[in-house]
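Comments concern the structure below.
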Amino acid sequence: MLKKIRILGHDFTIKMVDDSLDALRYSGQVRCHQQYIWISGAVARTQQRSILIHEIIEALDFKLELKLEHHVIMSLEAGLSQVFEDNPKFLELWSE
Ligand SMILES: [Zn+2]
């Protein structure tokens, strides 16, 4: 898993955490002010990737004040995750 991801010019640290951590009430969490993304280490790898996409969308929602409803964030997570999972070469376009 990636250690850092830059979102709108800010470097967020990605931390894999144990589910038993009280701070992690869900499988993932983003703290925009602290620039942390926490992801549960107890879920499958494909699920972790999906959670990362979810938390990135959450960060964009917060920073850009999009005020997206959570079901929209969930839908974007599901749709984008599926596209990325089905087209692994898609992301390579940025390293050509
Ligand atoms: Zn969420």
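Numbering (numbering that gives the first Met the number 0), first residue to last: 0 to 95.
Glycine included, every Cβ here is placed at the ideal spot set by N, Cα and C.
Note that the structure is predicted; figures quoted are calculated from it, not measured.
- Counting along the chain, Asp10 sits inside the beta strand (DSSP E) bounded by residues 9-16.
- Membership of Gln34 in any alpha helix (DSSP H) is not indicated, and neither H nor E is assigned to it by DSSP.
- Closer than 8 Å to some heavy atom of ligand 1: that does not describe the Cβ of Met15.
- Using a Cβ-Cβ distance cut-off of 8 Å, the region 3-13 and the region 57-76 are in contact, since at least three pairs of beta carbons, one from each stretch, lie closer than that value.
- Under the DSSP definition of a beta bridge, Lys88 lacks any partner.
- Collapsing the DSSP output to three states places Lys2 in coil.
- Within the region 35-87, the alpha helix (DSSP H) runs of at least 4 residues that lie entirely inside it are, in chain order, 44-62, 69-85.
- The Cβ atoms of Leu75 and Ile13 lie no closer than 9 Å to each other.
- By the Cβ neighbour-count rule, Trp37 is buried, with 16 or more other Cβ atoms within 10 Å of its own.
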